[in-house]
Structures are given as C-alpha cells and as structure tokens.
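Novice: In the working numbering, the protein residues as written are 361 to 500.
This is the structure we're talking about:
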C-alpha cells in the first residue's frame, strides 16, 4: 500500500504543480512511467480531488493561526490530504494514516515535515467522528 500512496502523491503533486486535473495528471504519469497506475493509487488521487474542499475543511483549523493550506509545501499538502481522505473514507485508523503520511514525508519532503504532519494530522484525527463515538440507547 505504501507504493500506492507514493504514486497517489506523485499524481496529486503533478496535478497541483501543472494546475491540471487529476485525470490529466494520471494520463501523463501513466505515459511517462509506462506502467499501469495501481487501483488504490487511482482511488486515492480521485478521492482526494473529489473531496478536497471537505478535507481542507478538516485541515485548515489544525494549522497555525497565520498559516494556510496553500502555504504548506506541496508534498506535505498532498500527504496530509491523502491521510485525511483515508481516515474519512477508507476507514483506516488514524494512527495508521498518520504513520504512513509521516513515513512518506521522511522520504519525500523536508526534515521538519514529519513533525509538522504528525501535529496537524493528530489534531485532525480528534475532529473526525468515529463509529464508536455514536450515541447509543443504552443506559449507563
């Protein structure tokens, strides 16, 4: 799965840098790499693109007061969005989504990125409702 996440980061990063759609970035990536893009990579990239407004709604309040999503390094932004998407839509436990993002940040981003993503994504995880948080009719 880590390779699939890395492909998704590459696709999202390319779309961000080229100011093109994820579909266009995937087509270019497939042509350049001469490989088929893994299904989970497509699912991640398309899912993040389709729900980025919602994902960014979770990320924005978790950033420093004078910091914006647009100011984040592009790779960190892609990693954070993937992690939040996985927490929201892939039912991946927050600890795993955060760990995967941090591990990829160690490989792909700056020295401060792992700590930054740990803090931001840890805060996001507290905002995402979990199934076991739902109220029940049981009397305590």
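We treat Cβ as the ideally placed atom computed from N, Cα and C, and that holds for glycine.
(1) Quick test of your reading: residue 573 and residue 474, contact by CB under 8 Å. State the CB separation rounded to the nearest angstrom.
(2) Residue 426 by DSSP, collapsed to three states: which one?
(3) Can you tell me which of 489, 422, 444, 398 puts its alpha carbon nearest to the alpha carbon of residue 415?
(4) In its own chain, which residues sit with a C-beta less than 7 Å from the C-beta of residue 388, not counting the 5 before and 5 after it?
(5) Who are the near neighbours of residue 368 in its chain, counting only those whose CB is closer than 7 Å to its CB and skipping five residues on each side?
(6) DSSP three-state label for residue 386, please.
(7) Check this for me: beta carbons of residue 399 and residue 382, under 7 Å apart or not?
(8) Return the chain-ordered list of same chain residues with a C-beta closer than 8 Å to the C-beta of residue 433, the five sequence neighbours on each side being excluded.
Specialist: Inspection of the coordinates gives the following:
(1) What the structure shows of the chain is the stretch from 361 to 500, and residue 573 is not part of that stretch, so it cannot be assessed.
(2) Position 66 of the chain shown, counted from the first residue, corresponds to residue 426. Coil, per DSSP.
(3) Translated into positions along the chain shown, residue 415 becomes position 55. The shortest CA-to-CA distance from residue 415 to any of 489, 422, 444, 398 is the one to 444.
(4) Mapped onto the chain shown, residue 388 falls at position 28. Residues 374 of the same chain have their beta carbon placed closer than 7 Å to that of residue 388, with the five preceding and five following residues left out of the count.
(5) The count along the chain shown starts at 1 and reaches residue 368 at position 8. Excluding positions up to five away in sequence, the list reads 401, 404, 405, 442.
(6) Counting from one through the chain shown, the residue named residue 386 turns up at place 26. Correct three-state label for residue 386: helix.
(7) For the purposes of this step, residue 399 is taken as residue 39 along the chain shown, with counting starting at 1. For the purposes of this step, residue 382 is taken as residue 22 along the chain shown, with counting starting at 1. Result no, Cβ atoms of residue 399 and residue 382 do not sit closer than 7 Å.
(8) The count along the chain shown starts at 1 and reaches residue 433 at position 73. Cβ within range, chain order: 469, 470, 473.
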